[in-house]
Amino acid sequence: MGIAKKILLVVLDGASDRPIGGRTPLQMAETPNLDLIARGGINGIMDPIAPGIRPGSDVAHLALLGYDPYEVYTGRGPLEAAGVGIRLKEGDVAFRCNFATMKDGIIVDRRAGRIRDTAELAKAIQEGVNLDAELIFKKSTGHRAAMVLRGEGLSPHVTASDPKHDHMHARKVDALRPEAERTANILNEFIEQAEKILETHPLNIERKRIGKPPANVILIRGAGAVQKIETFSEKYGLKGAVIAATGLVIGIGRMYELDYIETEGATGGVDSNIDAKVKNAIGALEDHDFVLLNIKGADESGHDGLIEEKIQFIGKIDKALGPIIGLKDMLVVVTPDHSTPIAVRDHSADPVPVAITGPGVRVDNVRAYDEISAATGGLSRIRSMDLMPMLMDLIDHTKKFGA
Ligand SMILES: [Zn+2]
């Protein structure tokens, strides 16, 4: 058998769990295809960051791509901005925003009645606001938006204007450090100007007329500075693609310049069209060296504490993964990004089961794909950050250390 040239990384978002009545959802679910992958490969358990560190999906994916989250992660703002397609530059400061409803200085609805049609509002803000720094303001999904300030001497060390709960006063942005004073002033100026534009915008006048809450204020949070970005192809010399339905993962893909391939009917929920995502991933492997396929639904079931739903969805993933079983001459890797245990209803630090198949892999004795079986495999216990270097070695893409 030769050497693999390509890598398919399948991320079963949040599928990893703890035992419930003695068995985990991965153990209870019907998973003939995942078991075939485990049986045909080398297995182990993997700490998303390090033992005991509970990760978000964003930092967990950074680690899976071999970027040290402690070095590169600067908050949600830059990822949100990258996710809506803003090309970030070193020195930018990026934020997540909400279109919200304010009445007499009180935020009565942080989501402005879950408004969706914000394109005109975002455009009006982009065109109408004048600041002492360059502004890029774009709508995101639903009531969300992303904002970037570009210019000299900007700082991410500012407070959020978002009070985080309804029926509280909107806040002014404050500087957390003296050098952030100017940035805080620019943001407060932005909020004031945006408010004036929104208040008189025809779309809001119409919303008020039909009894819907107007999107008359922008809430800001998640400030993060953009550092120098080492793109995926600069780091590895590989052409990468990402297939996902969640903004954060898409944002990470775009930030590191992996091609984002959109899939129709992919929702990120348990109703997602995952057959289409798998098909897209296989298609993308034709002209990419590396494809990250994120399948989200099991994470949602974990957050909702729905064990039956989680088991069913893992079974649905397994069926959808059928077409990847026959892939030859490439590495196929299956791993969750982190655990989302039913009992915790949030992410936990528990390590996840990882399986690597393909040419050159030292196949071990693991017979099933789950957290407990994987722990007996040939990889033992590794960190997500170790995965890419190992895969790079398996595709013969590493430089020798020493002579
Ligand atoms: Zn996740």
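Following our numbering, the numbering of the sequence shown begins with 91 at its first residue and continues without gaps.
Don't be surprised by glycine CBs; every beta carbon is placed ideally from N, CA and C.
Is the closest heavy atom of ligand 1 to the C-beta of residue i under 7 Å?
i: G142; result: no
i: D440; result: no
i: H428; result: yes
i: G359; result: no
i: D182; result: no
i: G104; result: yes
i: D389; result: yes
i: A334; result: no
i: S147; result: yes
i: K150; result: According to the sequence shown, residue 150 is Ala rather than Lys. Yes, the Cβ of A150 comes within 7 Å of a heavy atom of ligand 1.
With a CB to CB cut of under 6 Å and the five nearest residues on each side skipped, what residues in its chain are close to residue i?
i: V380; result: The residue you asked about is not Val; residue 380 is Phe in the sequence shown. Excluding sequence neighbours, F380 sits near I97, L328, G330.
i: S245; result: E269, A270, T273
i: D408; result: T121, N123, L124
i: S501; result: The chain is shown only over 91 to 493; residue 501 falls outside these bounds and no answer can be derived.
i: G99; result: Per the sequence presented here, residue 99 reads as Leu, with Gly not at that position. The answer, listed in chain order, is L382, V423.
i: S470; result: G134
Tell me, to the nearest whole angstrom, how far the beta carbon of residue i is from that of residue j; I am working on the premise that it is less than 8 Å.
i: I135; j: G468; result: That belief does not hold up - the Cβ atoms of I135 and G468 are roughly 12 Å apart, past 8 Å.
i: H247; j: L266; result: 4 Å
i: I93; j: D486; result: 5 Å
i: I401; j: A119; result: 5 Å
i: G341; j: G173; result: 3 Å
i: D252; j: I310; result: 6 Å
i: D137; j: D199; result: That belief does not hold up - the Cβ atoms of D137 and D199 are roughly 40 Å apart, past 8 Å.
i: D365; j: A410; result: 5 Å
i: N363; j: A356; result: 6 Å
i: Y459; j: P443; result: 6 Å
i: S515; j: E461; result: No statement about residue 515 is possible, as the shown extent of the chain runs from 91 to 493 and does not include it.
i: L383; j: V101; result: 7 Å
i: A223; j: M475; result: Contact flag wrong, Cβ pair sits at about 35 Å.
i: R166; j: R186; result: 5 Å
Ordered along the chain, which non-local residues of its own chain (more than five positions away) have a Cβ less than 8 Å from that of residue i?
i: H393; result: G104, T430, R435, D436
i: S438; result: R108, R144, H428, S429, T430, P431
i: I415; result: N123, L126, I127
i: Q317; result: V162, T164, E180
i: P141; result: A439, P441
i: T353; result: I333, A335, N363, A366, K367, N370
i: L36; result: Because the chain spans 91 through 493 in this model, residue 36 falls outside it and cannot be assessed.
i: G405; result: A119, E120, T121
i: V219; result: L225, F227, F280, Q283, A284, I287
i: A493; result: none
Which one or two residues does DSSP pair with residue i in a beta bridge?
i: T336; result: None; T336 has no bridge partner.
i: G330; result: F380
i: G314; result: A184
i: T425; result: V101
i: N133; result: A445
i: P113; result: Checking the displayed sequence, the identity of residue 113 turns out to be Arg instead of Pro. Note: R113 sits in a beta bridge opposite I110.
i: E224; result: R240
i: S438; result: S429
For residue i, which residues of its own chain have a beta-carbon under 7 Å away from its beta-carbon, when the five flanking residues on both sides are left out?
i: L221; result: I276, E279, F280
i: R206; result: G232
i: D454; result: I132, N133, G467, G468
i: H259; result: G195, I196, P253
i: I472; result: G134, M136
i: T321; result: Y346, E347
i: Y350; result: V332, I340, G343, R344
i: E399; result: V360, S391
task: Mind the definition here: the stretch 238 to 255 touches the stretch 267 to 285 only if three or more C-beta pairs lie below 8 Å; say whether that holds.
output: Here the stretch 238 to 255 lies against the stretch 267 to 285, with 3 or more beta-carbon pairs under 8 Å apart.
- prompt: Does the count of Cβ pairs from the stretch 298 to 311 and the stretch 178 to 197 closer than 8 Å reach three?
  reply: The stretch 298 to 311 is in contact with the stretch 178 to 197.
field: Stretch pair the stretch 279 to 296 + the stretch 332 to 340: three plus CB contacts closer than 8 Å
entry: Not touching, per the Cβ criterion.
Inter-stretch contact at 8 Å, needing at least 3 Cβ pairs: the stretch 444 to 451 / the stretch 406 to 424: Contact between the stretch 444 to 451 and the stretch 406 to 424 is present, with at least three C-beta pairs closer than 8 Å.
query: Okay, do the stretch 201 to 221 and the stretch 311 to 325 touch, 3+ Cβ pairs below 8 Å being the bar?
result: Here the stretch 201 to 221 makes no contact with the stretch 311 to 325; the two share fewer than three CB pairs at distances below 8 Å.
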